[in-house]
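Position 6 of the sequence shown, counting from 1, maps to 5 under numbering that gives the first Met the number 0, and the rest follow consecutively.
Read through the structure below, which is laid out as structure tokens, and then see the notes.
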Amino acid sequence: MDGVILTPLKIVNNQKGDIYHAMKKSDDGFDGFGEAYFSSIIKDSVKGWKKHTHMTLNIVVPVGEIEFVVYDDLNGNFFSVTLSQKNYQRLTIKSGYWLAFRGVGENNILLNLASIEHDSSEVFKAELNEISYDW
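Here it is, written out as structure tokens:
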């Protein structure tokens, strides 16, 4: 899907604690920095749908396992990926796409490195049943 990028990330193993890379400003998908935040999601819960009009999302899952679904309402296409330590990648989503996500693991945390600060005027929200997806 154009505007959606999956980037493999490095985990540097260290006997005293591993290092989880997230993003550098030279990385594909970097579109500026506005804010970084963590979000948790309970197993089998679903958050979404949201569509940003300006923000680029850069999502990493350092803890747990989370399924992400991106929906392109212009052509009706879905893109899904489950991120975790076993599939440690960064999901970049340019503005203009709907996003929802589901907790798969017991304890799940994501990091979003957003291109702009949160602004409620640049995001659309829809109820889960407004976009048909088989979770």
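C-beta: ideal position from N, C-alpha, C; glycine also.
My assumption, with CB atoms under 8 Å, is that residue i sits in contact with residue j. Please give the rounded CB distance.
| i | j | result |
| --- | --- | --- |
| Asn111 | Ser38 | 7 Å |
| Val62 | Asn12 | With 8 Å as the limit, Val62 and Asn12 do not qualify as a contact, their Cβ atoms being about 17 Å apart. |
| Thr81 | Val59 | Not quite, the Cβ-Cβ distance comes to about 13 Å (not below 8 Å), so this is no contact. |
Is residue i buried or exposed, if buried means 16 or more other CB atoms sit within 10 Å of its CB?
| i | result |
| --- | --- |
| Ala35 | exposed |
| Trp97 | buried |
| Thr52 | exposed |
| Pro47 | Residue 47 is actually Gly in this sequence, not Pro. The residue is buried, with at least 16 neighbouring Cβ atoms inside 10 Å. |
| Ile65 | buried |
| Lys93 | buried |
| Asn128 | exposed |
| Leu73 | exposed |
Identify the continuous beta strand (DSSP E) that holds residue i and give its terminal residues.
| i | result |
| --- | --- |
| Gln88 | Gln88 to Ile92 |
| Lys50 | Val45 to His51 |
| Asn111 | Ile108 to Ala113 |
| Tyr36 | Glu34 to Ser39 |
| Lys124 | Val122 to Lys124 |
| Thr55 | No beta strand (DSSP E) contains Thr55, which DSSP labels as neither H nor E. |
| Leu5 | Val3 to Pro7 |
Between the C-alpha atoms of residue i and residue j, what's the straight-line distance to the nearest angstrom?
| i | j | result |
| --- | --- | --- |
| Tyr87 | Ile115 | 24 Å |
| Lys49 | Pro7 | 25 Å |
| Phe100 | Gln14 | 32 Å |
| Val69 | Gln84 | 20 Å |
| Asp118 | Asp17 | 34 Å |
| Ile19 | Met54 | The displayed chain sequence assigns Tyr, not Ile, to residue 19. Taking the straight line from one Cα to the other gives about 24 Å. |
| Lys23 | Leu109 | 17 Å |
| Ile10 | Ala21 | 9 Å |
| Phe77 | Asp71 | 6 Å |
| Asn57 | Ser79 | 15 Å |
Length at least 3, wholly inside the segment 57-104: the beta strand (DSSP E) runs in chain order: 64-71, 76-83, 88-92 and 97-102
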